[in-house]
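The structure under discussion appears below in the form of structure tokens.
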Amino acid sequence: MINTVTVIGSINVDNILHIQALPKPGETIAMSGYSTAGGGKGANQAIAAARSGAKTAFIGAVGNDANGEYMKTQLLENGINVQAVKTTSEAATGQAYILLQSSGQNSIIIDHGANAQVTVADVDAVAAAIQSSTFLVTEFETPLPADEEAFQIARAAGVKTILNPAPAVAQIPESLLRLTDIIVPNETESQAITGISVDDEPSLKASAEYYHKLGVETVIITLGDRGAYVASGNISELVPAYKVQAVDTTAAGDTFIGALAAELRPDGSNLLAAVQYASRAASLTVQKLGAFPSIPLRKSVLLAQKE
1 MINTVTVIGS
11 INVDNILHIQ
21 ALPKPGETIA
31 MSGYSTAGGG
41 KGANQAIAAA
51 RSGAKTAFIG
61 AVGNDANGEY
71 MKTQLLENGI
81 NVQAVKTTSE
91 AATGQAYILL
101 QSSGQNSIII
111 DHGANAQVTV
121 ADVDAVAAAI
131 QSSTFLVTEF
141 ETPLPADEEA
151 FQIARAAGVK
161 TILNPAPAVA
171 QIPESLLRLT
181 DIIVPNETES
191 QAITGISVDD
201 EPSLKASAEY
211 YHKLGVETVI
221 ITLGDRGAYV
231 ASGNISELVP
241 AYKVQAVDTT
251 AAGDTFIGAL
261 AAELRPDGSN
271 LLAAVQYASR
281 AASLTVQKLG
291 AFPSIPLRKS
301 VLLAQKE
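So this is what it looks like as structure tokens:
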């Protein structure tokens, strides 16, 4: 079965500043390099889903500018349906400024631009595309009212919803969480939502219980190089991470989510195997520079899993 994945989310051009380490207050440092690439959490997730074999569509917005044309072309070249990506003259295409340290860790500054122009009306106009999906994915780089409207349409149609609560938001509407089938925060994001510091197995279980009480069926908390904690039904398990040398962690979490949406069966019967697949995909992403350029194809993930 080939999953149909619809993503509502952000589209950004990434401006990557290569540096040795973050500057201290008042310090001036030199870059060792500069590069650009396609990105945005939503676009990364859609690219990851498409490259893992899902039929993928995108809901979002770009500016009426060269960056917007560039990003739509990038999505189209990856087989993503962009009919629901609107072009607006109200704002420029979103951009991200990524401070990439030599350690592979990054710090990101976002200019949301056109991403903030995605509206409830935009979502309602493409309700049929949502209703025909296997999974609907969103994050927090587009306005919450549009995200929640998309989730309401999906839930009414029996479409599984995946929420990536990133960037971290302390006050998420409970109404959105109650429309969420699968939530995939990292440990920082989960703490911001639940107030529970993720330090050990009991705190992971307590965090999962917080979401379960709000009706979220499946909880996957990503823990970087420690792996991912999975809680769903009678499953409560830490899936170890693949050990690799990270060059750039940009888009690792997005790759995980997009690959998961492509691989997971709607009934969740292959949940742990899908998480392992997503973890392997993310481990390949961190070994290359940039967002779009680093997201692997399905055949590369399967080959790596055999090694």
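In full-length UniProt numbering, the protein residues as written are 1 to 307.
Note that the Cβ used here is the ideal one computed from N, Cα and C, for glycine as well.
This one's a predicted model, so the numbers in the text were calculated from it and none came from an experiment.
C-alpha gap between residue i and residue j, whole angstroms
i      : j      : result
Asp254 : Ala150 : 19 Å
Gln83  : Ile110 : 25 Å
Ala273 : Ala37  : 31 Å
Ser283 : Val247 : 10 Å
Pro296 : Val275 : 16 Å
His212 : Val219 : 8 Å
Gln171 : Ile29  : 36 Å
Asp200 : Ile47  : 33 Å
Tyr210 : Val120 : 28 Å
Tyr242 : Glu90  : 43 Å
Asn67  : Thr93  : 6 Å
Lys86  : Glu307 : 42 Å
Ala206 : Leu223 : 15 Å
Ile221 : Phe256 : 11 Å
Pro165 : Val184 : 7 Å
Phe58  : Leu177 : 22 Å
Val159 : Val244 : 35 Å
Gly102 : Leu289 : A small fix is needed here, since residue 102 is Ser in this sequence, not Gly. Their Cα atoms are separated by approximately 11 Å.
Leu76  : Gly26  : 43 Å
Ala208 : Ser269 : 19 Å
Pro266 : Gly104 : 34 Å
Tyr193 : Pro240 : Checking the sequence, you will find Ile at residue 193 rather than Tyr. Going from the Cα of Ile193 to the Cα of Pro240 covers about 24 Å.
Glu148 : Leu179 : 8 Å
Val7   : Asp181 : 15 Å
Arg155 : Asp225 : 33 Å
Lys24  : Ile16  : 19 Å
Option nearest residue i by Cα separation, candidates the options
i      : options                           : result
Thr88  : Glu77, Asp65, Ile109 and Leu100   : Asp65
Ser107 : Gly60, Ile80 and Pro167           : Pro167
Leu136 : Ala125, Ile162 and Val184         : Ile162
Val301 : Ser232, Leu260 and Tyr34          : Leu260
Leu303 : Tyr277, Val286 and Pro266         : Tyr277
Ser10  : Pro240, Gly290, Gly63 and Met1    : Gly63
Ile235 : Ala251, Leu271 and Thr73          : Leu271
Gly42  : Gln191, Asp267, Gln105 and Met71  : Met71
Ala157 : Thr134, Glu139 and Leu144         : Thr134
Ser232 : Glu217, Leu238, Thr73 and Arg226  : Glu217
Leu144 : Ala125, Ser132, Arg155 and Asn115 : Asn115
Burial state of residue i (16 or more Cβ within 10 Å)
i           : result
Gly39       : buried
Asn3        : buried
Leu22       : exposed
residue 309 : Only positions 1 to 307 of the chain appear in the structure, and residue 309 is not among them; the question remains open.
Tyr34       : exposed
Glu187      : buried
Val198      : buried
Ser190      : buried
Gly113      : buried
Gly169      : Per the sequence shown, the amino acid found at residue 169 is Val instead of Gly. Exposed, by the Cβ-count rule.
Gly258      : buried
Glu237      : exposed
Spatial neighbours of residue i in its chain, beta-carbon cut-off 7 Å, leaving aside the 5 residues before and after
i      : result
Arg51  : Asn78, Ile295, Pro296, Leu297 and Arg298
Ala262 : Asn3, Val5, Ala49, Ser52, Gly53 and Ala54
Glu174 : Leu214
Leu204 : Val198, Ile221 and Tyr229
Ala146 : Ile8, Val118, Thr119, Val120, Asp122 and Val123
Thr285 : Ala251, Ala252, Thr255, Ser294, Ile295 and Pro296
Close beta carbons around residue i, own chain, < 6 Å, minus the five adjacent residues each side
i      : result
Ser32  : His18
Gln305 : Arg280
Leu264 : Ala274
Ile153 : Ala127 and Ile130
Asn12  : Gly39, Gly40, Gly94, Gln95 and Ala96
Ala291 : Asp14, Ala37, Gly39, Asn44, Thr250 and Ala251
Asn81  : Ala57
Gly227 : Leu238, Val239, Pro240 and Ala241
Contacts around residue i, its chain only, beta-carbon distance under 8 Å, and the 5 residues preceding and following it disregarded
i      : result
Gln117 : Ala61, Lys86, Thr88, Glu90 and Ala91
Exercise. Along the chain, which unbroken stretches of the beta strand (DSSP E) at least 3 residues long are found entirely within the segment 14 to 93?
Worked result: 33 to 39, 55 to 63 and 81 to 88
Exercise. What residue ranges within the segment 213 to 299 form continuous alpha helix (DSSP H) runs of no fewer than 4 residues, ordered along the chain?
Worked result: You should have 252 to 263 and 271 to 285.
Exercise. Can you give, in chain order, each stretch of the alpha helix (DSSP H) that sits fully within the segment 113 to 138 and has at least 4 residues?
Worked result: 120 to 125 and 127 to 131
For this session: Could you pull out every unbroken beta strand (DSSP E) segment of at least 3 residues lying fully inside the segment 126 to 201, listed in chain order?
Result: 135 to 138 and 160 to 163
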